[in-house]
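Student: Take this structure first; my questions come after.
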Amino acid sequence: MAGVAPITVSRAINRPELVTKDTLDHVREVIARSGYVPNLLAGGLASKRSRLVAAIVPTIGNSIFAEAVECLTDRLGEAGYKVLLGLSGYPASREDELLATVLSRRPDAVFLTGITHSPQSRQRLLAAKIPVVETWDLTPTPIDMLVGFSHEKLGRAVAAYLIGKGYRRLGLVWASDERAAVRRRGFEEAAAERGVTDIQVAILPAPGNLKLGREGLAKLLEGPQRPDAVFCSSDALAQGVLTEAQARGLSVPGDLAIMGFGDLEFAPYTYPALSTVRIDRQAIGRLSAEAMLARFEDKPVEKIVDIGFEIVEREST
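Just so we're aligned, residue 53 is where the sequence shown starts under our numbering, counting upward by one.
Next comes the structure, spelled out in structure tokens:
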């Protein structure tokens, strides 16, 4: 029907990277017109591959994770793989349940958020004998491969930055998740090394949002010492802190400096523009996909990739 050999059609479906773009476009057009749905299970039995990659993230309501998954999906799609997405939320127990479910679908690889997993989940992943990429954190002992950055170093860098700007009465508006906790610890340790120990903290449920950010600043302002700078565990919380500060007539950064995390799309466009920490989330998705694809072909892969971070100074500090 496609006017090409059956083996070429098979390659276009299962190994599109082996087919020229013109042939691939032609085969896909014919498939779309005919309504044909390839039996990937049958192809998987023959090749021992499902052509599926499982990606587990806490949420896609926050674009910091959504953009990474989108880049992962795009890069894997170029090689004929589809992404099966699972949302774990923030309780660790949810990841256990989700991993058991997705591994039963026999994915060819798994993309995970973070490095903290239960012993049961680690054992399941090791037993699966498939590529596993942990992301959004660093450890010298990943399950398999790792693409991320150091939350501790990031927290330390922000403390050094704010204190270097002359701010001494520091506050934290913080979501209660494990990676943010490591970031907070780095921040507090670096601040203490510089003589700043009385840090006001408002802990909020994860994930953070504008409403919780407003509530967080309100809590800090009820404390014994009004902060002159607030570091937030996400840009969404920082946007809420900014809104609450303006509602109370506080000048930003004159009365209160505000620092976010993530450099989300809106950060340059708040008023004043939000200082934050930029993470190359697209690189996390792309490099994770490339690591998986290399492993599928038994090519050498860098086990740990540290993408780093960048403090982005704008008007709010």
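Every residue gets a Cβ at the ideal spot worked out from N, C-alpha and C, and that includes glycine.
#1: Do you know offhand how far Ser327's Cα is from Ser368's?
#2: Is Thr295 helix, strand or coil when you go by DSSP?
#3: Applying the 10 Å Cβ sphere with the 16-neighbour rule, what's the burial state of Leu206?
#4: Does the separation of the CB atoms of Asp160 and Phe348 fall below 8 Å?
#5: Can you find the residues in the same chain that come closer than 6 Å, C-beta to C-beta, to Gly138, ignoring five residues on each side of it along the sequence?
#6: Please classify Thr125: is it buried, with 16 or more other beta-carbons within 10 angstroms of its beta-carbon, or exposed?
#7: Check this for me: beta carbons of Ala227 and Ala258, under 8 Å apart or not?
#8: Who are the Cβ neighbours of Glu230 in its own chain at under 6 Å, not counting the five residues just before and after it?
#9: Give the range of the beta strand (DSSP E) segment to which Thr125 is assigned.
#10: Out of curiosity, what's the CA-to-CA distance linking Lys355 and Val184?
#11: In whole angstroms, what separates the C-alpha of Pro279 from that of Val162?
#12: Please state the DSSP three-state secondary structure of Thr153.
#13: Give the single residue among Tyr142, Gly166, Arg174 and Val135 whose Cα lies nearest to the Cα of Ala152.
#14: Can you list, in chain order, the residues of its chain whose CB lies under 7 Å from that of Arg237, leaving out five sequence neighbours each side?
#15: How many angstroms separate the CA atom of Ala232 from the CA atom of Ala131?
#16: Quick test of your reading: Val234 and Ala254, contact by CB under 8 Å. State the CB separation rounded to the nearest angstrom.
Tutor: With the structure as the only source:
#1: Looking up residue 327 in the sequence shown gives position 275. Looking up residue 368 in the sequence shown gives position 316. Their backbone Cα atoms lie some 6 Å apart in a straight line.
#2: Numbered from its first residue, the sequence shown carries residue 295 at position 243. Three-state result, Thr295: helix.
#3: As a first step, residue 206 must be located in the sequence shown, where it is residue number 154. Leu206 comes out buried.
#4: Translated into the one-based positions of the sequence shown, residue 160 becomes position 108. Translated into the one-based positions of the sequence shown, residue 348 becomes position 296. In this structure, Phe348 lies closer than 8 Å to Asp160 by Cβ.
#5: Taking the sequence shown and counting its residues from 1, the one referred to as residue 138 is at position 86. Closer than 6 Å at Cβ, skipping near neighbours: Ile108, Leu150 and Val154.
#6: Sequence index remark: in the sequence shown, residue 125 carries index 73 (1-based). Thr125 comes out buried.
#7: Within the sequence shown, numbered from 1, the residue matching residue 227 stands at position 175. Within the sequence shown, numbered from 1, the residue matching residue 258 stands at position 206. Result yes, Cβ atoms of Ala227 and Ala258 sit closer than 8 Å.
#8: The residue labelled residue 230 in the question sits at position 178 within the sequence shown. Cβ neighbours of Glu230 beyond the five flanking positions: Thr168.
#9: Looking up residue 125 in the sequence shown gives position 73. Taken as a continuous stretch (DSSP letters only), Thr125 belongs to no beta strand (DSSP E), being part of the alpha helix (DSSP H) at Ser115 to Glu130.
#10: For the purposes of this step, residue 355 is taken as residue 303 along the sequence shown, with counting starting at 1. For the purposes of this step, residue 184 is taken as residue 132 along the sequence shown, with counting starting at 1. Their backbone Cα atoms lie some 11 Å apart in a straight line.
#11: Within the sequence shown, numbered from 1, the residue matching residue 279 stands at position 227. Within the sequence shown, numbered from 1, the residue matching residue 162 stands at position 110. Between Pro279 and Val162, the C-alpha separation is close to 42 Å.
#12: Numbered from its first residue, the sequence shown carries residue 153 at position 101. Three-state DSSP puts Thr153 in a helix.
#13: Within the sequence shown, the letter at position 100 stands for residue 152. Comparing Cα-Cα distances from Ala152 to each of Tyr142, Gly166, Arg174 and Val135, the minimum goes to Arg174.
#14: Taking the sequence shown and counting its residues from 1, one reaches residue 237 at position 185. Excluding sequence neighbours, Arg237 sits near Glu204 and Gly207.
#15: Position 180 of the sequence shown, counting from 1, holds the residue named residue 232. Position 79 of the sequence shown, counting from 1, holds the residue named residue 131. About 34 Å.
#16: Within the sequence shown, the letter at position 182 stands for residue 234. Within the sequence shown, the letter at position 202 stands for residue 254. Wrong, their Cβ atoms sit about 18 Å apart, outside the cutoff.
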